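Here the structure is laid out as structure tokens; the discussion comes afterwards.
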Amino acid sequence: MAAVDLPTSGTFTLANARVHASLTPGLEAQFDGDGFTLVDIEVADGRIKGITAAAPVRVDATAVDLKGCIVLPCFVDCHTHIDKGHIWPRKPNLDGSFPGALNAADADRTARWTAEDLSRRMDFSLRSAYAHGTSALRTHLDSAAPQDAISWPVFEELRERWNGRMELQAVSLIGIDGVRDSDWFEQLARRVAAARGVLGAVTYMVSDLDELLDRMFRAAIAHGLDLDFHADETDNIDAVSLRKIAEAALRHRFEGKILVGHCCSLARQPDHHVLDTLDKVAQAGIAVVSLPMCNLYLQDRRHDGTTPRWRGVTLLHEMKARGIPVSVASDNTRDPFYAYGDLDMLEVYRMATRILHFDHPVGDWPKTVAATPAQAMRLDGAGILRAGVPADFIIFKGRSWTELLSRPESDRTVVRDGKPIEAELPDYAELDDLMVGG
Ligand SMILES: [Zn+2]
373 MAAVDLPTSG
383 TFTLANARVH
393 ASLTPGLEAQ
403 FDGDGFTLVD
413 IEVADGRIKG
423 ITAAAPVRVD
433 ATAVDLKGCI
443 VLPCFVDCHT
453 HIDKGHIWPR
463 KPNLDGSFPG
473 ALNAADADRT
483 ARWTAEDLSR
493 RMDFSLRSAY
503 AHGTSALRTH
513 LDSAAPQDAI
523 SWPVFEELRE
533 RWNGRMELQA
543 VSLIGIDGVR
553 DSDWFEQLAR
563 RVAAARGVLG
573 AVTYMVSDLD
583 ELLDRMFRAA
593 IAHGLDLDFH
603 ADETDNIDAV
613 SLRKIAEAAL
623 RHRFEGKILV
633 GHCCSLARQP
643 DHHVLDTLDK
653 VAQAGIAVVS
663 LPMCNLYLQD
673 RRHDGTTPRW
683 RGVTLLHEMK
693 ARGIPVSVAS
703 DNTRDPFYAY
713 GDLDMLEVYR
723 MATRILHFDH
733 PVGDWPKTVA
743 ATPAQAMRLD
753 GAGILRAGVP
763 ADFIIFKGRS
773 WTELLSRPES
783 DRTVVRDGKP
793 IEAELPDYAE
803 LDDLMVGG
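If you count the sequence shown from 1, position 390 lands on 762 in my numbering, and the numbers rise without skipping.
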């Protein structure tokens, strides 16, 4: 994939690299209207040794001149489902609807998700993410019994195998109703804690939602776990589980991290409801992740011959204005919830720019695919460029936002620990034998 010739020694200077203000904390420089400035990045022993204003006259003949190409830190993808990834060929979503996705995924999981099937599909996904320049990834794992006993050991084995290349985290994914079975849920919380995972659920408006959330918060506190929810992935304005989660967090004075994904219905609710919810979310210190590609695909899908009228995404601008940490992420890839996708966070950012208007001005939106999700995942030093952090970054061909976001940038150069990686995207044909039948 590499387009830039870099020494493999791990020690060099990148001259005339274009970096962004939002991802280079502490850098004293004159940034242009798009937030960019030209710098020299000194790399030694696999780490960034220093970032300084680009020197007007070059004395170091060994420096690699990037001629103004953009350099971003490696991506952090904080919401994925690599256990579901790539099952589309054997289990498509025939009508593209949300219920269609749930039914197809349930049927496929019950029939096909052995350890080998999971391990091969998950590894395929990780190789794609790695080749695109992602260095940290959080996945949800379908954890209703008996799948929990199969998927968690597979995840732990993969995390071991990918150690040093991909920082991996897993979240237990169950419907919130699953919390009603206290004994089983306590067992799951213990399993998650043993795997150093994150406790999660999909929330929707069941009559005992407050009580079930209380149980989740109590379990998270007892086991020292962070929380990660799927909330309100619907256009139904009565879906207010984001607000319920915020109220529960405040009720329990929860001190761990909480990440909430989707929150689609918020964009359909009356303003006074929205403002009340956002105040509580900000007060509770909750971070939100939007999944723009999946939302665009599933929300407002119609079967009456009419055209979708809304984009499906939540209110990221209003959230960010209130200081709520906001991210965007991949979500599903080539499964019944989203027929496409390749865990390429540049694609996610490009799509988010268009769907959510991350432009004019760009401001600090680039943090949504790097620095902010890194904080939500407690990864100090990831998602930023700064002296002292590992030299994990991506060199693009683009020299401006319009160049960067107009082409796929398939020839980007991914550098990990100061060395260009050799990784190639895996061939779909590798999975053909897993796709037979269905
Ligand atoms: Zn999801």
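For glycine and all other residues, C-beta sits at the position ideal for the given N, C-alpha and C. Keep in mind the model is a prediction, meaning the values are calculated, not measured.
Measure the beta-carbon distance from residue i to residue j and round it to whole angstroms, keeping in mind my assumption that it falls under 8 angstroms.
| i | j | result |
| --- | --- | --- |
| LYS769 | THR380 | With 8 angstroms as the limit, LYS769 and THR380 do not qualify as a contact, their Cβ atoms being about 21 angstroms apart. |
| LEU751 | GLU690 | Not quite, the Cβ-Cβ distance comes to about 26 angstroms (not below 8 angstroms), so this is no contact. |
Around the C-beta of residue i, are 16 or more other C-beta atoms found within 10 angstroms, so that it is buried, or is it exposed?
| i | result |
| --- | --- |
| TYR721 | buried |
| SER782 | exposed |
| TRP773 | buried |
| ASP804 | exposed |
| LEU498 | buried |
| GLY633 | buried |
| THR575 | buried |
| PRO518 | exposed |
| VAL436 | buried |
| VAL551 | buried |
| LEU466 | exposed |
| ASN388 | buried |
| PRO745 | buried |
Taking the alpha-carbon positions, what's the residue i to residue j distance?
| i | j | result |
| --- | --- | --- |
| GLY596 | ARG625 | 14 angstroms |
| MET373 | ALA476 | Note that MET373 scores 49 on pLDDT, short of 50, meaning its location in the model is unreliable; the coordinates nonetheless yield the value given after this. Going by the C-alpha atoms only, they are around 35 angstroms apart. |
| ASP406 | ALA393 | 9 angstroms |
| PHE765 | ARG788 | 7 angstroms |
| GLN671 | GLY422 | 45 angstroms |
| ASN535 | PRO780 | 28 angstroms |
| ASP580 | ASP643 | 26 angstroms |
| GLU794 | ALA611 | 46 angstroms |
| GLU400 | ILE630 | 32 angstroms |
| PRO445 | ILE420 | 11 angstroms |
In the DSSP assignment, find the unbroken alpha helix (DSSP H) run with residue i in it and report its ends.
| i | result |
| --- | --- |
| ASP805 | Looking at the DSSP string, ASP805 is not in any alpha helix (DSSP H), and its letter there is neither H nor E. |
| ARG481 | 470-484 |
| PRO664 | 664-670 |
| PHE589 | 581-595 |
| THR725 | 717-728 |
| PHE408 | Taken as a continuous stretch (DSSP letters only), PHE408 belongs to no alpha helix (DSSP H), being part of the beta strand (DSSP E) at 408-416. |
| LYS629 | Element bounds for LYS629: n/a, residue is neither H nor E. |
Starting from residue i and walking both ways along the beta strand (DSSP E), at which residues does that stretch end?
| i | result |
| --- | --- |
| VAL526 | First-last for VAL526: 519-533, but that is the alpha helix (DSSP H), not the beta strand (DSSP E). |
| ASP600 | 599-603 |
| ARG788 | 785-788 |
| PRO445 | 443-445 |
| VAL578 | No beta strand (DSSP E) holds VAL578; DSSP gives it neither H nor E. |
| ALA389 | 384-392 |
| ALA542 | 539-545 |
| ALA508 | 506-514 |
| THR424 | 419-425 |
Taking 6 angstroms as the line, does the beta carbon of residue i fall inside it for any heavy atom of ligand 3?
| i | result |
| --- | --- |
| ASP703 | Only ligand 1 can be found as ligands here, which leaves ligand 3 out of the picture. |
Output yes if chain B places a C-beta closer than 7 angstroms to the C-beta of residue i; else output no.
| i | result |
| --- | --- |
| THR409 | Absent from the structure: chain B. Only one protein chain is present. |
Fill in: Given 8 angstroms, three or more beta-carbon pairs between the stretch 444-459 and the stretch 693-703
yes
Worksheet item: Does the stretch 734-743 touch the stretch 670-686, meaning 3 or more C-beta pairs lie closer than 8 angstroms?
Response: no
Discussion item. Taking contact to mean 3 or more Cβ pairs, one atom from each stretch, closer than 8 angstroms, check whether the stretch 523-534 and the stretch 480-496 are in contact.
Written reply: yes
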